[in-house]
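Since the structure comes first, as structure tokens, the remarks are kept for the end.
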Amino acid sequence: MLEAITVRVNGRAIAAPAGSTVAAAMMLAGAYCRKSVSGELRGPLCGMGICFECRVTIDGRPHCRSCQTLCKPGMDVRTDG
Amino acid sequence: MDSETRRYDAVVVGGGPAGLAAASCAAECGLHVALIDDNPELGGQIWRASTGGDKKRSSVPPGVEVFRQTRVFHLGEPGVLLAEDEERVWRFGYRKLILATGARERFLPFPGWTLPNVMGAGGLQALVKSGLPIAGKRVVVAGSGPLLLAVGAYLRKRGGKHGAEIPLICEQASRSSLLRFGAGLIAYPAKIAQGFALRRELAGVRFAGNSWPVAAEGCERLEAVLISRKGKIERIACDYLACGFHLVPNTELAALLGCQMRDGCVKVDEFQQTSIAGVFCAGEPAGIGGLEKSILEGRIAGLSAAGQHDAAKRLFAARRKQQKFAQSLDREFRLRSELKRLPDAETIVCRCEDVTYARLREHACWRAAKLHTRCGMGPCQGRICGPAVQFLFGWRPDSVRPPIFPARFESLAGISREGES
């Protein structure tokens, strides 16, 4: 296993392999990304920045595509789900 | 507000195989080149680097200035693209522009497809490449196109013998189409070699033609998928469904520039030039055809942008062969009409705005559906539901309007300020 990076997903510490995206860390944490407009829980779909299903709040910045953002040590990730 | 325009001889949008080939050819010819890509690493989806990718093939070509995690969202004055990264807005001035914006997966709606852990085939592969552990998970791979086999093999071997368990790969194309496609590969030694390698890697995995997913089940997340196969429904418990129905070209930027389209792809001449002088297009947006076609078209576009037409011409024969392969992909993996009946009334078609099939079928065209239901008006701007409604109802997509990706308010505000001055 590569060196791990620790991020916080909804307050919980998650160790993800170096080079992981936030989407991968979030799935590792068992978290969903968001609630849809009718209240469904959603996870990532396209994995390449097209579908916007994986958007989360990262270090206070909302609507970040977690599949195109790399984990950095200490990052704070908040999801709706 | 950083609004100074950086000027280049050539700007390449997209850092996959086509864009990398175009940028390195143009730079070798002495052009000052910028390569803009929206991902953290170059390589596109196929050479995607990150936690275990192909760092060598996706390395920065010499003499090319690279802008990662930078996304083009609008046009400035003629010859200028506007892009943003996490921090700021960039203005890229170009003499020649090469569009290598790649493709995305086509998704078709069926009951349960919005459950978490139902993902694109390439989508799940991308997530695994970027850190999602897959060892010991059960993954059903379904949909259409050669990508399904590549994804199945990748997920299985990932992590050595502790890869994913693949209970079934199901392909909607008929067995006769698949046989014709397989027989046609004889003209492409590289693809035959890939085919044999895939067969070895997938030894023991069930593969079924004429089969497709009809529903995904689960409480909060996916628990099982129902597959239609030989007229029967088979229920398979699984952790993930990796499901994509071949690919759709990313043509939004070309459309915004006003490039003419042909059959849903960007129309190009033999030098990969679009209907707009000085704007070139290479790879999947000019016709879905895979890796070798993308690299050749990228090189031709890069050489042509540098005025090296004779050198570009020497690649025409090889490209012609790959374009024939593209035509066979298109023919043999055409979607069967049964797939139009997959959604039921309550199936969500537009995932951004949660618009159901029942609400859409009341309308006669894309525009009416948009106005009444907001279908295609969420953050993905119809990139996911657009190809689906085109298949389901035959609606042609509307014109593209800027910004072509959601952009920060500061980025957009900057443009309007410039307009006033």
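As given, the protein sequences belong to chains V and P, one line each in that order.
Using the working numbering, the first residue of the first sequence is number 142, and each one after it goes up by one.
Using the working numbering, the first residue of the second sequence is number 6, and each one after it goes up by one.
Idealized CB from N, CA, C, for every residue including glycine.
Rounded to whole angstroms, the gap between the alpha carbons of P:R180 and P:F338 is 11 Å.
Chain P has a Cβ within less than 8 Å of the Cβ of V:M189. For P:C286 against P:A259, the beta-carbon gap comes to about 6 Å, under 8 Å, which counts as contact. With respect to the C-alpha of P:I174, the residue from P:I103, P:H167, P:A188 and P:L203 having the closest C-alpha is P:L203.
Within the region 149-197 of chain V, the complete beta strand (DSSP E) segments at least 3 residues long are 153-158, listed from N- to C-terminus.
Cβ contact annotation for P:G269 (same chain, cutoff 6 Å, sequence separation greater than five): none. By the neighbour-count criterion, in which a residue is buried when 16 or more other Cβ atoms sit within 10 angstroms of its Cβ, P:F201 is exposed. Considering only beta carbons, no part of the region 254-287 of chain P lies closer than 7 Å to chain V. Take the alpha-carbon of P:I409 and the one of P:A208: they are about 43 Å apart. Here P:L308 has C30, A316 and A317 as same chain residues with Cβ atoms under 6 Å from its own Cβ, once five neighbours each way along the sequence are excluded. By the rule that beta-carbons nearer than 8 Å mark a contact, P:T10 does not touch chain V. If you check the CB distance, P:P66 and P:A28 come in under 8 Å. Excluding the 5 residues flanking it on each side, P:R341 has same chain C-beta neighbours closer than 7 Å at Q177, in chain order.
DSSP, reduced to helix, strand and coil, places P:S342 within a helical segment of the structure shown. For the region 28-53 of chain P, the set of residues with a beta-carbon nearer than 8 Å to any beta-carbon of chain V comprises D43, N44, P45 and Q50, in chain order.
Annotation: P:W52 to P:S64 spans about 10 Å, alpha carbon to alpha carbon. Using a Cβ-Cβ distance cut-off of 8 Å, the region 12-23 of chain P and the region 183-195 of chain V are not in contact, since fewer than three pairs of beta carbons, one from each stretch, lie closer than that value. For P:E297, same chain residues with a beta-carbon under 7 Å away, outside a window of 5 residues either side, are A195 and Q327 in chain order.
Here P:C30 carries a helix assignment [DSSP, helix/strand/coil]. For P:E110, the enclosing beta strand (DSSP E) covers residues A108 to E110.
Note on geometry: alpha-carbon atoms of P:A213 and P:G168 lie some 21 Å from one another.
Contacts with chain V (Cβ-Cβ distance below 9 Å) from the region 127-145 of chain P involve G127, G128, L129, Q130, A131, L132, V133, K134, S135, G136, L137 and P138, listed in chain order. Taking each of V:A159, V:R202 and V:G180 in turn and checking the Cα distance to P:D359, the smallest one comes out for V:G180. Inside the region 55-141 of chain P, DSSP marks whole beta strand (DSSP E) runs of 3 or more residues at positions 69-72, 76-80, 85-89, 94-104 and 108-110, from first to last along the chain. For V:A154, no chain P residue has a C-beta closer than 7 Å to its own C-beta; the minimum C-beta separation is roughly 16 Å. Only residues of its own chain outside the window of five on either side were considered, and among them G190, F193, C195 and R196 have a CB closer than 7 Å to the CB of V:R206, listed in chain order. Note that the C-beta distance between P:R356 and P:T119 is below 8 Å. Taking 8 Å as the CB threshold, V:P203 stays off the interface with chain P. Listed in chain order, the positions of the region 371-391 of chain P with a beta carbon within less than 8 Å of a beta carbon of chain V are G383, P384, C385, R388 and I389. By the Cβ test, the region 271-287 of chain P is not in contact with the region 130-137 of chain P, since fewer than three Cβ pairs between them sit closer than 8 Å.
No Cβ of chain P is located within less than 8 Å of the beta carbon of V:P214. No residue range can be given for P:V210, since it is assigned to no beta strand (DSSP E) and is classified by DSSP as neither H nor E.
At a beta-carbon threshold of 7 Å, the residues of chain P lying near V:R183 are T119 and P121, ordered along the chain.
Under the 10 Å beta carbon count, P:K237 is surrounded by fewer than 16 other beta carbons and is classified as exposed. Of all residues in the region 342-361 of chain P, the ones placed with a Cβ closer than 7 Å to any Cβ belonging to chain V are R356, C357, E358 and D359, in chain order. Straight across, the Cα-Cα distance linking P:T106 with P:P407 is about 16 Å.
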